[in-house]
Every structure is written in structure tokens, then in C-alpha cells.
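Worksheet for the structure shown next.
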Amino acid sequence: MVKFKLIAIIFFCSSASASESPIVAIAANMTHAMTDIIDQFQVETGNHIRVSYGSSGNFTRQLLQGAPYELFIAAHKKYADKLVEKTNIVDASMPYVSGKIGLFIPNDSKLSESMDLETTINALGFEKKSRIVIANPEHAPYGVAAKQALQHAGVWPLIHKRLLRAENAAQATQFTVSGGVDIGIIPYSLAVVPEISRQGKFLLIPESWHQPLEHHLVLINGAGKTVKKFYDYLLSDRTKKILTKYGYSIPTNRQE
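With my numbering, the residue at position 227 of the sequence shown is 232, and numbering never jumps.
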């Protein structure tokens with residue numbers, strides 16, 4: 006079974022104690038990309054942070070309730086907007102990256118012979134015993150996009166009762182490759198990870214099938230020097246190579 010860095014807080018500390026390191030909250034689809042970026046940041050600056058990966062909806066609720074995050078990367082603009090509308094905790098908010106989704110078919114799936122997106126979508130509708138997993142649309146933007154894509158394809162009424170709803174995009178990916186489902190709708194950013202990609206085939210879903218997955222970068226008022234330095238680092242050219250490696254695109258309206 007592939008193990009993922011999911012919702013639990015992950016500590017990036019060496020000489021600094023956990024209590025001295027600020028906490029940032031990041032949408033779960035960015036787990037691998039951000040791990041690479043944070044590792045690079047820490048090597049270059051010597052600064053340490055802690056990061057929690059999870060669903061953007063849950064993080065937003067936690068921030069509204071006073072959670073001590075100093076920076077937040079949400080998988081959809083509406084969560085950043087909600088924080089701006091409901092609180093005075095936001096120092097800065099801007100578009101950061103745009104993500105993509107696709108169908109991931111595990112090697113042992115009964116649909117593994119499907120070779121293209123159209124064939125696979127049609128098979129989903131006719132294969133009554135097939136199971137599919139998506140992130141929960143109630144609080145995960147990648148789940149909302151997955152539902153919209155299935156509705157666009159015309160198969161949502163046929164398969165929604167066979168759906169497994171994961172807590173977030175990373176957990177949907179974990180369920181996809183761990184067995185028990187025939188297809189998962191997962192982020193491109195996770196599908197390209199080698200230990201995942203070799204376990205099946207990924208079919209990219211056209212972005213016109215769903216709402217834009219425009220992630221927003223939110224700096225919280227009162228953020229310390231380390232997080233402000235990390236915020237600037239996230240907007241620097243040094244991170245672009247990593248982000249594009251994981252399939253993200255940089256919005257043209259992003260401020261640098």
C-alpha cells in the first residue's frame with residue numbers, strides 16, 4: 006500500500022523546537038509539490054515551519070474559529086473570499102496556481118482495458134458494479150470539480166450511488182491506489198508522483214468540464230517573519246519549476 010502525507014500535521018524541525026515553528030495550512034492536493042518546495046526553502050534559508058495538509062473547507066472553518074495558522078493555500082477562491090468577508094484576519098490574498106483533475110484507473114481495475122477518456126466514461130455508466138472515489142464535494146474543491154465533470158459527461162445520475170467520498174483529494178488518491186475502487190478522480194499533481202503513476206493510468210479531464218481550480222494564497226494578519234519570508238518565497242521564480250513539474254499552471258493575474 007502506498008503511504009501518503011495526508012491530513013496530519015507534518016513537522017519540519019531540526020534544531021528549532023515544534024513550539025518555535027509557525028504553522029501553515031495547505032490544500033491536500035499540493036502535498037508533494039509543497040513538500041519539495043518547503044524542503045528547498047528550509048535548505049536555502051535555514052528557517053523551519055510546520056505544515057498541515059487537508060481540505061480547504063475544513064481549514065476555512067478552523068481559521069474562522071481561531072486556528073493558529075499563519076498562511077493558507079486554499080484550493081478555491083471562495084474560501085479566501087469567505088475569510089475576507091467574515092473576518093479581519095487576512096493580510097493579503099491572491100491567485101497562486103491552477104490545478105487539473107483526471108481519471109486514474111488502477112492496474113487491477115475491471116476498467117483497466119479502457120484506453121481513452123470517452124471509452125472510460127461510457128464504461129462507468131454501463132458497468133453497474135464499478136466503484137469510483139472522489140474527494141467530498143461538500144468541502145473539497147477537487148470533489149466539486151469531480152462532480153461537475155461527471156455531470157458534464159452525463160453519468161452522474163448513473164454512478165452517484167456507487168461513489169466513495171474521501172475527506173480530501175489526497176485521501177481520494179490513497180483510496181484509488183490502495184484497492185477497492187475501479188476509478189478515482191484525482192489531481193494531476195498527485196497522479197504524476199512516480200509511486201502513484203506506476204500503479205495505473207491517468208486520463209486528463211478537460212478543464213472546460215468543471216470550474217477552475219484556482220488556488221489562492223492567503224497571508225494571515227500577525228504572521229511572523231519566517232512565514233512572511235516563506236510567502237515571498239512561494240511567489241518567487243525558484244518555486245515555478247517545482248509547481249509546473251506537478252502539473253500546476255501559474256495564473257496570469259498572479260502578482261509577483
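For every residue, glycine included, the Cβ atom is placed at its ideal position computed from N, Cα and C.
Through-space distance from D121 to V29, alpha-carbon basis: A straight line joining the alpha-carbon of V29 with that of D121 spans about 38 Å.
Whole-angstrom distance between G51 and I201, CA atom to CA atom: Approximately 31 Å, taken between the alpha carbons.
Chain-order list of residues whose beta-carbon lies under 6 Å from that of A21 (same chain, five-residue window excluded): Residue confidence is low: A21 scores 34 on pLDDT, short of 50, so the model does not pin down where it sits. No coordinate-derived value is stated.
Beta bridge counterpart(s) of L224 as assigned by DSSP: The partner list for L224 (beta bridge, DSSP) reads L76, A97.
Chain-order list of residues whose beta-carbon lies under 7 Å from that of K82 (same chain, five-residue window excluded): The answer, listed in chain order, is E219, H221.
8 Å Cβ cutoff met for G130 and L168: Here G130 is not near L168, since their CB atoms are 8 Å or more apart.
Cβ contact (3+ pairs, closer than 8 Å) linking the stretch 140-157 and the stretch 180-187: In the pairwise beta carbon analysis, the stretch 140-157 is classified as not touching the stretch 180-187: fewer than three pairs are separated by under 8 Å.
Boundaries of the alpha helix (DSSP H) in which S194 is found, first to last residue: Following the DSSP letters along the chain, one finds S194 inside the alpha helix (DSSP H) bounded by residues 193-196.
Delimiting residues of the beta strand (DSSP E) encompassing K134: From DSSP, K134 is part of no beta strand (DSSP E); its letter is neither H nor E.
CB of A171 within 8 Å of CB of A196, strictly: No, the Cβ-Cβ distance between A171 and A196 is not below 8 Å.
Simplified DSSP assignment, three categories, for R170: Strand.
Interface flag, G62 vs chain B, CB-CB below 8 Å: Here there is only one protein chain, and chain B is not present.
beta-carbon G51 near the ligand GTP non-hydrogen atom, thresh 7 Å: With respect to the ligand GTP, the structure offers nothing, as it holds no ligand at all.
Expected contact under 8 Å - CB spacing of Y253 and S103 to nearest Å: Confirmed, about 7 Å.
Contacting residues, own chain, Cβ-Cβ under 8 Å from P217 (five flanking each side not counted): Excluding positions up to five away in sequence, the list reads S103.
D86 beta carbon less than 8 Å from that of I225: The answer is no: Cβ separation not under 8 Å.
Opening and closing residue of the beta strand (DSSP E) in which P199 lies: Run containing P199: none in the beta strand (DSSP E); it sits in the alpha helix (DSSP H), 199-202.
Proximity of S119 and V223 at Cβ, strictly below 8 Å: No, the pair does not count as a contact, with Cβ atoms beyond the cut-off.
Buried/exposed call for V133, threshold 16 Cβ in 10 Å: The question names Val, but residue 133 in the sequence shown is Lys. So K133 counts as exposed.
DSSP state of S254 mapped onto helix, strand, coil: Reduced to three states, the DSSP call for S254 is strand.
For Y58: DSSP bridge partner residues: Y58 pairs with I31.
Residue closest to L116, alpha-carbon to alpha-carbon, out of E123, A128, L209: Relative to L116, the option among E123, A128, L209 whose CA is nearest is A128.
Exposure of S57, with buried meaning 16 or more beta-carbon neighbours within 10 Å: Buried.
Those residues which DSSP pairs with L108 across a bridge: L108 is bridged to I190, L208.
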